[in-house]
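Add 7 to a position in the sequence shown, counting from 1, and you land on the number used in this note's numbering.
By construction, the Cβ of each residue, glycine as well, lies at the ideal position given by its N, Cα and C atoms.
Encoded as structure tokens, the structure appears first; notes follow it.
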Amino acid sequence: MKPKIFVARAVFPEVLARLEQHFEVESNQDDRIYTADELQAKAQGKVGLFTTPSEPVTAALFAANPQLKAVCNMAVGYNNIDVAAATRAGVMATNTPDVLNETTADFGWALMMAAARRITESEHFLRAGQWKKWSYDSFVGPDIHGATLGIIGMGRIGQAIARRSLGFDMQVLYHNRSRLAPEQEARANNARYVSKEDLLRQADHVVLVLPYSKDTHHTIGAAELALMKPTATLTNIARGGIVDDAALIAALREGRIAAAGVDVFENEPAFKPEFLDLSNVVLTPHIASASTPTRLAMAHCAAGNLIAALSGQRPPNLLNPDVVKG
Ligand code: 8YV
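Put into structure tokens, the structure is as follows:
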């Protein structure tokens, strides 16, 4: 008898086929996002779960499913999983770091540049048949090249974003929980460590790439937005909740910052409808890692973690090593 797992969201058929070689797989056929209670019910009798950040994996789920051994998230972020509760329950939790660094960094740049250079706004104008003449001030915005880039959250993705700034002759400021080693700063286009406040005052383009937790909730709110230059842009490819979306909407509406790129929202896939009334924001549906090769690599990474965890090996991306100690 193969061990039973539940795959909580639709996934590449080849990854499902790989999992089926090892496990008896029940999968989410309609790709609906399950509530915590529904996932808890689906986990009954399963030893492994394949999840994404849309699914809340709670302490109650672990309490109701003592047979569970591993929860493998297809994402680098894992704020949907109560890892402390997983550890207490002896359940391995894993994520998919590294495989998405470069693709996510590419997208951070694309979104920042689209916001600064007003790409979607001007395309809507063209598509609406409003382009009647050239004008010296049509869709002007801040420059990218030669500007100061501010990165909040200087992990692997933040560093990949910083490296790309070399080609744009930018200065890089960063803020992070801890300062990088000098050789890491050098590789990140000589990024300079500053306080969050100094970064917000000085940067022309601020990019957010930090993990979400209760400590990083509303890292950017009204007070922080007030520090930014009126010509600056803000790009959030981190997590909804890092930014106070209501405060961002107010700042954009009042022109207190020039523009924003927003890929993640508080309570997504729902988002504040006021965003839609603003022309100075580029809105995307949480797609920073969405290149075909990267999403496939993420899915295989999560599957590999599940296979390792349920065959008595230490999964490569174990988040709670205390579970396998001793
Ligand atoms: C995922 C992400 O695509 O990795 C993460 O943390 O936010 C994205 O890369 C998304 O979470 C769905 O798995």
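Where Glu33 is concerned, the enclosing beta strand (DSSP E) starts and stops at Glu31 to Ser34. Between Asp113 and Ile168, the alpha-carbon positions lie close to 7 Å from each other. Not one heavy atom of ligand 1 is found less than 7 Å from the C-beta of Leu303.
About 11 Å separates the beta carbon of Gly268 from that of Val250, a gap too long to meet the 8 Å contact definition.
Taking C-beta separations shorter than 8 Å and ignoring five residues to either side along the sequence, the partners of Pro104 in its chain run Val83, Arg163 and Asn324, following chain order. A residue is called buried when at least 16 other Cβ atoms come within 10 angstroms of its Cβ; Ala210 meets this threshold and is buried.
Ligand 1 has a heavy atom closer than 7 Å to the beta-carbon of Leu107. The residues Asp251, in chain order, have a CB closer than 6 Å to that of His225 in the same chain once the five nearest residues on each side in sequence are set aside. When only Cα atoms are considered, Pro218 and Glu33 end up about 30 Å apart.
The residue from Arg25, Ala67, Ile12 and Met81 with its alpha-carbon nearest to that of Gly52 is Ile12. Of the residues Phe282, Ala66, Ile158 and Asp176, the one whose Cα lies closest to the Cα of Ser202 is Ile158.
Inter-residue distance for Val64 and Glu21 is about 25 Å (C-alpha atoms, whole angstroms).
The three-state secondary structure of Leu156, taken from DSSP, is strand. A distance filter of 5 Å between CB atoms and the heavy atoms of ligand 1 selects the following residues in sequence order: Thr59, Pro60, Met81, Ala82, Val83, Gly84 and Ser296. In this structure, Val14 lies near Phe57, with their beta-carbon atoms less than 8 Å apart.
If you look at Ile88, you'll find it isn't in any alpha helix (DSSP H); DSSP assigns it neither H nor E.
DSSP places Leu232 in the helix class (H, G or I) of the three-state scheme.
Pairing Arg199 with Val179 gives a Cβ-Cβ distance under 8 Å. Annotated as proximal: Ala295 and Gly115, with beta-carbon spacing under 8 Å. Rounded to the nearest angstrom, the gap between the Cα atoms of Leu207 and Ile227 is 10 Å. The Cβ-Cβ distance between Leu75 and Val54 falls below 8 Å. C-alpha of Thr59 to C-alpha of Asn197: approximately 34 Å in a straight line.
In this structure, Val106 places its C-beta atom within 8 Å of the C-beta atom of Cys308.
In this structure the segment 86-97 does not lie against the segment 179-192, because fewer than three pairs of beta carbons, one per stretch, are closer than 8 Å. The beta carbon of Asp176 is closer than 7 Å to those of His152 and Gly153 in its chain, skipping five residues each way along the sequence. Of Glu109, Ala265, Gly148 and Gly165, the smallest CA-CA separation from Thr301 is found for Glu109.
In the DSSP annotation of this structure, the continuous segment of the alpha helix (DSSP H) that includes Phe69 starts and ends at Ala66 to Ala71. The residue among Glu261, Cys79 and Leu46 with its C-alpha nearest the C-alpha of Ala71 is Leu46. According to the DSSP assignment, Gly55 belongs to the beta strand (DSSP E) that extends over Gly55 to Thr58. Sixteen is the threshold: since fewer than 16 other Cβ atoms of the shown chains lie within 10 Å of the Cβ of Ser142, the residue is exposed. Taking every protein chain shown into account, the CB of Glu231 has 16 or more other CB atoms within 10 angstroms, so this residue is buried. For the pair Val330 and Tyr181, the Cα-to-Cα distance works out to about 34 Å.
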